[in-house]
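K.L.:
Take a look at the following structure, please.
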Amino acid sequence: MSARVPRFGSDILVDLLQGLGVEYAAFNPGASFRGLHDSLVNYGGDSSPRTILCTHEETSVALAHGYTKATGKPMVAAIHNVVGLQHAAMGIFNAWCDRVPIMLLGGSGPQDASLRRPWIEWIHTALVQGNFVRDFVKWDDQPVSVEGAIESILRGWRLMKSAPAAPVYIALDTTIQEQKMPEGLTLPSNLDRWTRQSSVQADPAGLDELAGWLAEAQRPVILADRVGRDPDAVAALQTLAELLNAPVVDLWARFNFAPRHRLDAGHVSADLIREADVVLALDVTDLYGALRTPDRNRRAQGYAVAAGAKVASISVNELLVRSWTADYQRPQPVDLNLVGETRLALPTLVALVRERLSAGWVDAAGVRAERAATLARTTAQQREVWEEQARESSGRSPLTTSFVSLALRDALDGHKWVLGNSDLRGWVRRLWDVREPTQWLGGAGGAGLGYGIGAALGVGLAYKNTNTMVVNIQPDGDLLYSTSALWTAAREQLPILTIMWNNRSYYNSEEHAIRIAQFRDRDVSRSGIGTRPEGPHVDFATVARGFDMQAEGPIETAEELIPALGRAVRAVAGGKPYLLDVVTEAR
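Reminder that position 255 of the sequence shown reads as 254 in numbering that gives the first Met the number 0, one-by-one numbering, no gaps.
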C-alpha cells in the first residue's frame, strides 16, 4: 500500500481500490464523481487504478466486462449518477446475464437536500439510486459515510466475485467523496480477511452417485456451456471426456472444449442426446432448450432425451435468481441436480470415475470406444465438407461468412490471437483450430446491442504489449450503437483487429420478418423494409478514420479481401488498432 496520506474521502477509496488490486477505472466523466476522479488522477497519480476515458457509459461497462473475462480480474466502471446509470443499464444487464463481476461505482448527488446545487443536483439525485438496476446486479448500496463506503466496497468485492459472479453497484454520495478525511480513519490492515470467500463444492454423495452412472454408461454425453470461465475446469472436462470416451457438446457461451478434439460433438448433438443413456450438463444456462430440437422459429420442439436415460446437472445457476427478467430460463426436470462450481466438482468427479474404471467396476469401455471412433471419423469428414464449402464460395460477392472466416483464419496463421465477440454464425468454430479457453471469450450474455466494440476494448487493454492481437468480428448493427468506442481504441492504441461483419442489415430482425411473412403467406421480398440501414450505406472505414484509426474498405470480393487482411494483420501485429470493412451476404 502507498505511503501517501489521504486528505479526502475519495482519497482513501482510491487507496482501497489499489489495495484490492484494481488496475483500471473506465468512465465517461461526470460531475457526480468529480471527487473520485480528482483522487484517481491527482492523489493516485492516475496509476493503479489508471483512468480509461470512454465516450459512453455503456462502453465503459462493456470495456470492464471484456477486461474481466480476459483476465479474471474485476475492474471498476464509474458511472455518473442518474443519467449515466440509465446509459449504462444495457451494459450492466449484459454483464449480469453473462455472470461477470464488475465493480460499478456510481456518483450521486447529496442525499442531504440542503447541500444540493440548484436544479442539476436535484434532477440528478435519486432515492435510492440502485433501484434502477437492482433487478440485474448482485447487490447495491448507497452508503452515507466514508466508513460505510469502505465497508460497502469490501462487501461488494466479496459478493461480486463469489459464484455465481455478477456486477455490484455502489452509489457514492458527493459529500462522501469530497469531505475531509474523518480523524483516525484507516483501512483494514488485511483486506484479504474481508474479501475471501470459499468456493461452492457439489454434494459429495451426489458426485459419488454420478460417477457410478458415468462409469457404467454405454452412451454418455456431456453438455458444457460456461465451464470455460476457469481454465482448470476445461482441463478437467477434457480428462473426464477422454476417460469415458464421452462426446462433448460445447454450447459455446465460453470455450469449453476444443472444436478439433476427437470427442467434439457439436455438429451431431441432437442425435447423440437422443441415443444417450446418461446426459451430464455442466454450467448449462438453458438446459430445457439444450435438450430439445428447435424448429425454424427457434422454439424448443420435442424432447431429445430417450426414455429411461438419466440426466444430471452441475452448476451454481440457482444460487442467483431474480424475478424481473427470466434469464433463469425454463425449468428442466433432472435426475440429479448438483449445486456447485464445476472447477471444483470436475476434478473430484474425474478421480471418482477413474477409481471405478481402474477397479473394473463396470465394463462398457468397448462400446464407448467404438462410438468415439465413429464420431471422430464423421467429424473429420464433416470438417472437410465445411472447408470445401467455404473455399467454393470464394467467387461470390458480397462475400460469404464462411469464406471470410476461412480467409481470416489463414491471415492470422503464425500470430497469437484472442476472439472476444462474434464467431460468424459458427464458422469460426467449424474452421478454426481453437485450442485454449483464452482464445474464445463468448458473447454479450444479454444479447444487448453495443457490446462488441466495448468488450473488445477491455480485451485489448488486457492484451496490450503482449504480442497478441484481439480479433473483433463486429456486426454492423451492433457498432452503430456505439461507434464512438473506436475513439478509445485509437487513444489507447489497443491491438484490436476489427473485422466489420457488414451485411447491411439488422439481420436478426430481418429473419423474423421473413418467417412471419412466410407464415402469413405474404411478400418475403419486403422483409428488409425497416431493418436495412441502406440508402446511404454506412462507410465504416471513413467513420474509423474520423477517430484517427487506420481503416480500409468496403471490401466485397476475395481478390480484395486477402491482401487487405494481410495489411490489417501487419498493422495490428505492430500494436495499432485497425478496422477492415467487409461486406457479406445477409446469412
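Even glycine gets a Cβ: it sits at the ideal position worked out from N, Cα and C.
All figures in this text were calculated on a predicted structure; none of them were measured in a lab.
If we ignore side chains and look at the alpha-carbon of each, how far apart do A216 and A363 end up?
P.N.:
Going from the Cα of A216 to the Cα of A363 covers about 7 angstroms.
K.L.:
Assuming S59 is part of the alpha helix (DSSP H), what are its boundary residues?
P.N.:
Per DSSP, S59 belongs to the alpha helix (DSSP H) from E56 to T70.
K.L.:
In terms of alpha-carbon separation, which member of G447, I152 and Q141 lies closest to Q110?
P.N.:
Closest option to Q110, Cα to Cα, is Q141.
K.L.:
Ignoring anything shorter than 3 residues, give me the beta strand (DSSP E) runs that lie fully in the region 126-207, in order along the chain.
P.N.:
Counting whole runs of 3 or more residues, the region 126-207 contains the beta strand (DSSP E) stretches 138-140 and 167-172.
K.L.:
Report the residue from R291, G451 and A372 whose alpha carbon sits nearest the alpha carbon of T482.
P.N.:
If we check each option's Cα against that of T482, G451 comes out closest.
K.L.:
In chain order, what residues of the same chain lie with their CB nearer than 6 angstroms to the CB of E274, ignoring the 5 residues before and after it?
P.N.:
Cβ neighbours of E274 beyond the five flanking positions: R218.
K.L.:
State the DSSP-derived secondary structure class of P28, mapped to helix, strand or coil.
P.N.:
Coil, per DSSP.
K.L.:
From what residue to what residue does the beta strand (DSSP E) around Q473 run?
P.N.:
Its beta strand (DSSP E) spans residues T467 to P474.
K.L.:
Measure the Cβ-Cβ separation of V588 and L104 and say whether it is below 9 angstroms.
P.N.:
Outside the displayed range of the chain (0 to 586) lies residue 588, so it cannot be described from this structure.
K.L.:
Please report the distance separating the alpha-carbon of Y348 from that of S31.
P.N.:
Checking the sequence, you will find Leu at residue 348 rather than Tyr. Each residue's alpha carbon lies about 50 angstroms from the other.
K.L.:
Cβ of H260 less than 9 angstroms from any chain C Cβ?
P.N.:
The question asks about chain C, but that chain is absent: this structure has only one protein chain.
K.L.:
Pull up the distance between the alpha-carbon of Y577 and that of N27, whole angstroms please.
P.N.:
Going by the C-alpha atoms only, they are around 23 angstroms apart.
K.L.:
Just verifying my parser: in three-state terms, what is the DSSP assignment at P592?
P.N.:
There is simply no residue 592 to check, as the chain begins at 0 and stops at 586 in what is shown.
K.L.:
For K575 and E491, I'd like the C-alpha separation in whole angstroms.
P.N.:
K575 and E491: Cα-Cα distance of roughly 9 angstroms.
K.L.:
Count the other CB atoms within 10 Å of the CB of P117; is the residue buried (16 or more) or exposed (fewer)?
P.N.:
With fewer than 16 other Cβ atoms within 10 Å, it is exposed.
K.L.:
Secondary structure at V248, three-state DSSP: helix, strand or coil?
P.N.:
Three-state DSSP puts V248 in a strand.
K.L.:
From which residue to which residue does the beta strand (DSSP E) around L578 run?
P.N.:
Where L578 is concerned, the enclosing beta strand (DSSP E) stretches over Y577 to V582.
K.L.:
Express the C-alpha separation of L351 and L641 in angstroms, rounding to a whole number.
P.N.:
Since the first residue of the chain shown is 0 and the last is 586, residue 641 is not available in this structure.
K.L.:
For A289, tell me which candidate among G43, D270 and G307 has the shortest Cα-Cα distance.
P.N.:
Nearest C-alpha to A289: D270.
K.L.:
For N93, which three-state DSSP category applies?
P.N.:
Three-state DSSP puts N93 in a helix.
K.L.:
A252 and P246: beta carbons closer than 9 angstroms?
P.N.:
Contact: no.
K.L.:
Which class does A570 belong to by DSSP, given the choice of helix, strand or coil?
P.N.:
Note: A570 maps to helix in three-state DSSP.
K.L.:
Suppose contacts are defined by Cβ-Cβ distances below 9 angstroms. Is P163 in contact with L335 by that definition?
P.N.:
Cβ distance not < 9 angstroms, so P163 and L335 don't count as in contact.
K.L.:
If we count the other Cβ atoms within 10 Å of its Cβ and call it buried at 16 or more, is N471 buried or exposed?
P.N.:
So N471 counts as buried.
K.L.:
Spatial neighbours of Q178 within its chain, please: CB distance less than 6 angstroms, with the 5 preceding and 5 following residues excluded, ordered by chain position.
P.N.:
Same-chain partners within the cutoff: G8.
K.L.:
Using only the alpha-carbon positions, how far apart do E208 and V199 sit?
P.N.:
Approximately 18 angstroms between the Cα atoms of the pair.
K.L.:
For the beta strand (DSSP E) containing V310, list its first residue and its last residue.
P.N.:
Where V310 is concerned, the enclosing beta strand (DSSP E) stretches over K309 to S314.
K.L.:
Can you grab the Cα-Cα spacing for the pair R531 / G419, in whole Å?
P.N.:
Whole-angstrom Cα-Cα distance: 25 angstroms.
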